[in-house]
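Protein chains in written order, with my numbering: chain A, 128 to 228; chain B, 128 to 228. What follows is one structure encoded as structure tokens, with my remarks underneath.
2 protein chains.
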Amino acid sequence: MYIVTVTVFIKPEQIEAFKTATLDNAANTRKEPHNLRFDISQSEEDPARFLLYEAYKTMEDFAAHQKTAHYFRWRDTIKDMMAQSRQGAKFHSIFFDNTPQ
Amino acid sequence: MYIVTVTVFIKPEQIEAFKTATLDNAANTRKEPHNLRFDISQSEEDPARFLLYEAYKTMEDFAAHQKTAHYFRWRDTIKDMMAQSRQGAKFHSIFFDNTPQ
Chain A
128 MYIVTVTVFI KPEQIEAFKT ATLDNAANTR KEPHNLRFDI SQSEEDPARF LLYEAYKTME
188 DFAAHQKTAH YFRWRDTIKD MMAQSRQGAK FHSIFFDNTP Q
Chain B
128 MYIVTVTVFI KPEQIEAFKT ATLDNAANTR KEPHNLRFDI SQSEEDPARF LLYEAYKTME
188 DFAAHQKTAH YFRWRDTIKD MMAQSRQGAK FHSIFFDNTP Q
């Protein structure tokens, strides 16, 4: 499993618009055959800070995600909503239990 | 959904021992009735950096997790494995799709 995190700081007046754009990206990414997670979370202490947590079967599946229409739409839509550059990090999975409860 | 991330930097010689201790914590936490995720990931660019990504139904469920025997065992076991203090962050969920693929 290949894990990607993205931390985004949004201009306060753009928070709701950012949520709308990112929900579109999340819902469409979840339809990709090799995507396993696309969680969107909002910081408890700073409502302008968001975390995207994405899981793909392989690094190549993430690369394919970055060529989709919904990814480009999200990237372009949120570009001017950010208060600073977004911070991405990539990981290899050590433990990943997808059993629903 | 209540999301917790923990970033941990481990002394290089302790990486395998840290994995073992954290796998024990993850497997036991996944048995908690209101835990939905406990992913362990290792940074692509720095193998001494780990990310724990945890999801609980509510903030109270996370508080209950922090009172379990497996949590205390993990906390005490890894204490001297860390190269610096671990960094935790807490989030409220905006989008959380648990559909398996």
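We put the CB at the ideal spot given by N, CA and C, even for glycine. Treat the numbers as computed from the prediction; the structure is a model and nothing was measured.
Amino acids of chain B, ordered along the chain, whose beta-carbon sits closer than 7 angstroms to that of residue i
i                 : result
Phe189 of chain A : Correct list: empty, because the minimum Cβ distance to chain B is about 11 angstroms.
Ser168 of chain A : Ile130, Phe218, His219, Ser220 and Ile221
Glu171 of chain A : Lys217, Phe218 and His219
Tyr180 of chain A : Tyr180
Of the listed residues the options, nearest to residue i (C-alpha basis)
i                 : options                                   : result
Phe199 of chain A : A:Asn152, A:Ala210 and A:Asp188           : A:Asn152
Ile221 of chain A : B:Tyr129, B:Lys194, B:Asp207 and B:Arg176 : B:Arg176
Leu163 of chain A : A:Thr185, A:Asp207, A:Val135 and A:Ala216 : A:Thr185
Asp224 of chain B : A:Ala216, A:Met208 and A:Thr156           : A:Thr156
Gln141 of chain B : B:Tyr180, B:Ala210 and B:Tyr183           : B:Ala210
Asp207 of chain A : A:Ala191, A:Ala148 and A:Tyr129           : A:Ala148
Ser166 of chain B : B:Phe136, B:Pro174, B:Ser212 and B:Leu150 : According to the sequence provided, residue 166 of chain B is Asp. The question's Ser does not apply to it. Ranking B:Phe136, B:Pro174, B:Ser212 and B:Leu150 by Cα distance to Asp166 of chain B puts B:Leu150 first.
Residue interval of the alpha helix (DSSP H) (run including residue i)
i                 : result
Asp151 of chain A : Ile142 to Thr156
Phe199 of chain B : Ala196 to Ile205
Ala191 of chain A : Met186 to His192
Residue i: contacting residues in chain A (beta-carbon distance under 9 angstroms)
i                 : result
Asp224 of chain B : Ala153, Ala154, Arg157, Arg164, Phe165 and Asp166
Contacts that residue i makes with chain A (C-beta to C-beta distance below 7 angstroms)
i                 : result
Lys146 of chain B : Ile221
Segment limits, beta strand (DSSP E) that includes residue i
i                 : result
Asp224 of chain A : Asp224 of chain A -> no beta strand (DSSP E), and no H or E assigned at all.
Ala182 of chain A : Arg176 to Tyr183
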